[in-house]
Amino acid sequence: MTHLGARLAHIGPGRVHIELPARPEVTQQHGYIHAGATSAVADSAGGYAALTLLDEDSDVLTVEYKINLLAPAAGDHLEAVGTVLKSGRTLTVCQLEVYAVQGGGERKLVANGQQTLIRVNRAGR
Numbered sequence: 093m094t095h096l097g098a099r100l101a102h103i104g105p106g107r108v109h110i111e112l113p114a115r116p117e118v119t120q121q122h123g124y125i126h127a128g129a130t131s132a133v134a135d136s137a138g139g140y141a142a143l144t145l146l147d148e149d150s151d152v153l154t155v156e157y158k159i160n161l162l163a164p165a166a167g168d169h170l171e172a173v174g175t176v177l178k179s180g181r182t183l184t185v186c187q188l189e190v191y192a193v194q195g196g197g198e199r200k201l202v203a204n205g206q207q208t209l210i211r212v213n214r215a216g217r
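Under the numbering used here, the first residue of the sequence shown carries the number 93, and numbering increases by one thereafter.
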C-alpha cells in the first residue's frame, strides 16, 4: 500500500476505508486509476476490516475475491471501503466498495465486490 501511495482513512469495528490519491504511477493509458490499483486497495480494505474483529494473535489471508468494475476510476482519489458481512471462526466474508471522489466531495461508485478471508496465526506466535 505504501508503494501505491494509499493510506488508512477510517478504522472501525468491521469497517475500514483506504484512500488512494490519483497519481501518474497508478493510472493506465487513458488516465484512469488502473484496475489493479483499484482492486489492491479494495482487497486491503476488506482484509483490515476483518482484522478489526479478530484477536491480536490472528492475521488474515485472502482466499478469493470478485470485483466488478462499474465505471472508469476518474477522480482526485479513490476511497475503498471494506465492510465485514460475516466474521466466523475460520472464514470472514467482506463487502468491497470503491468510490472515485472529486475535489468537491462528489462520490461515484466505480467498483464493488465480495471477498473471503481465512484467519491464520500471526507469524512468530
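Just so it is clear, CB atoms sit at the ideal spot from N, CA and C, and this is done for glycine as well.
Being a predicted model, the structure only gives us computed values, none of them experimental.
Between the segment 197 to 206 and the segment 178 to 189 there are three or more inter-stretch CB-CB distances shorter than 8 Å, so the stretches are counted as touching. Residue pairing by DSSP leaves Ser136 without any beta bridge partner. Of the residues Val133, Gly167, Val176, Gly180, the one whose Cα lies closest to the Cα of Ile159 is Val133. Contact check for Val212 against Leu146 fails: the beta carbons are separated by 8 Å or more. The DSSP-derived three-state label of Thr175 is strand. Here Leu143 is actually not in contact with Val118; their C-beta atoms are around 24 Å apart, not less than 8 Å. Exclusion of the five residues before and after Ala165 leaves Tyr124, Ile125, Thr130, Ala192, Val202 as the residues of its chain whose Cβ lies within less than 6 Å of its Cβ. In terms of CA proximity to Ala172, Tyr140 leads the group Gln120, Ile210, Tyr140, Gly196. It is roughly 15 Å from the alpha-carbon of Gly128 to the alpha-carbon of His169.
Excluding its 5 nearest sequence neighbours in each direction, Asp135 has C-beta neighbours in its own chain below 7 Å: Thr154, Tyr157, Gln207, listed in chain order. Nearest neighbour of Arg181 by Cα position, chosen from Gly197, Asp151, Lys200, Arg115, turns out to be Asp151.
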